[in-house]
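Engineer:
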Amino acid sequence: DAKTTQPPSMDCAEGRAANLPCNHSTISGNEYVYWYRQIHSQGPQYIIHGLKNNETNEMASLIITEDRKSSTLILPHATLRDTAVYYCIVRATFGNEKLTFGTGTRLTIIP
Amino acid sequence: DTGVSQDPRHKITKRGQNVTFRCDPISEHNRLYWYRQTLGQGPEFLTYFQNEAQLEKSRLLSDRFSAERPKGSFSTLEIQRTEQGDSAMYLCASSRDRVGNEKLFFGSGTQLSVL
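If you read the sequences in order, they're chains A and B. So for the first sequence, the numbering used here puts the first residue at 1; every next one is plus one. So for the second sequence, the numbering used here puts the first residue at 112; every next one is plus one.
1) Could you please tell me which residues of the stretch 80 to 109 of chain A, in chain order, have their CB closer than 7 Å to any CB of chain B?
2) In the DSSP output, which residue or residues are listed as bridge partners for E55 of chain A?
3) Hey, does G43 of chain A have any beta-carbon neighbour from chain B nearer than 9 Å?
4) State the Cα-Cα distance for the pair V130 of chain B and Q191 of chain B, rounded to the nearest angstrom.
5) Using a cut-off of 7 Å between C-beta atoms, extract the partners of K214 of chain B located in chain A.
6) Identify every residue that forms a DSSP beta bridge with G218 of chain B.
7) If we ignore side chains and look at the alpha-carbon of each, how far apart do N57 of chain A and R81 of chain A end up?
8) Looking at C-beta atoms only, is the number of pairs between the stretch 189 to 204 of chain B and the stretch 218 to 226 of chain B that lie closer than 8 Å three or more?
9) Going by beta carbon distance, what residues of the same chain come within less than 6 Å of L226 of chain B, once the five residues before and after it are set aside?
10) In chain order, what residues of the stretch 146 to 163 of chain B put their CB closer than 7 Å to some CB of chain A?
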């Protein structure tokens, strides 16, 4: 799987939009971008994924650049419960199904 | 859907002892994964099953580690002759068996401390 690069930590004020960047410059055409998060003492939780179009669900929005070399996860109105480590993962569509995690971004929501 | 269940949540053992962890996946999920996570790092893949077949093992899975999924439902991960370096969170995840893009659902993990 292609590698991803994320800032190690970020802060965001409660109620503001949290924008988490991810670089994946070596992504292949058949690879999706996935985002998971891990709240302290819990297992990772799926957030969203996409191929090349922007995606939105009840948790977040995913913006993927046209060249697919980077993406941004947006939490529109961050709450204290969004404090977690956020992982950006590139995953092949077929074959090897496992997720390969990096070290992620530790997002802290500040009251 | 009761989620992925792992037991025990915490395990403290002495070096040299054997330990076994259990994972109950979401029912009807054919794929089951084991990961290990140390402090400050992301989860690292150990192995995965499709039904009862173990299809891939990481090089992290030394000879002291063995995983089974005998009836394609729950799985066990055993560590023999534990070492202090085995101290970590052991995570289990499951997913449906479809082509591509199936989400992995993770349990809360078993925290192992080897003294």
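The C-beta atom is built at its ideal place from N, Cα and C for all residues, glycine as well. Since the model is a prediction, treat every value here as computed from it, not as a measurement.
Structural biologist: Taking the coordinates as given:
1) Y87, T93, F94, E97, K98, L99, T100, F101, G102, T103, G104
2) To locate residue 55 of chain A, count along the first sequence from 1; it is residue 55. Answer is A:L62.
3) As a working note, residue 43 of chain A is residue 43 in the first sequence. For G43 of chain A, the answer is yes, since a Cβ of chain B falls inside 9 Å of its Cβ.
4) For the purposes of this step, residue 130 of chain B is taken as the residue at position 19 of the second sequence. For the purposes of this step, residue 191 of chain B is taken as the residue at position 80 of the second sequence. In a straight line, the C-alpha of V130 of chain B is about 7 Å away from that of Q191 of chain B.
5) By 1-based counting over the second sequence, the position of residue 214 of chain B is 103. Within 7 Å Cβ-Cβ: Y46.
6) Within the second sequence, residue 218 of chain B is the residue found at index 107, counting from 1. In the DSSP output, where bridge partners are listed per residue, G218 of chain B has none listed.
7) Within the first sequence, the letter at position 57 stands for residue 57 of chain A. Within the first sequence, the letter at position 81 stands for residue 81 of chain A. Spanning the two alpha carbons is a distance of roughly 17 Å.
8) yes
9) As a first step, residue 226 of chain B is located in the second sequence; it is residue number 115 there, counting from the start. Around L226 of chain B: K125.
10) Q152, G153, P154, F156, Y159
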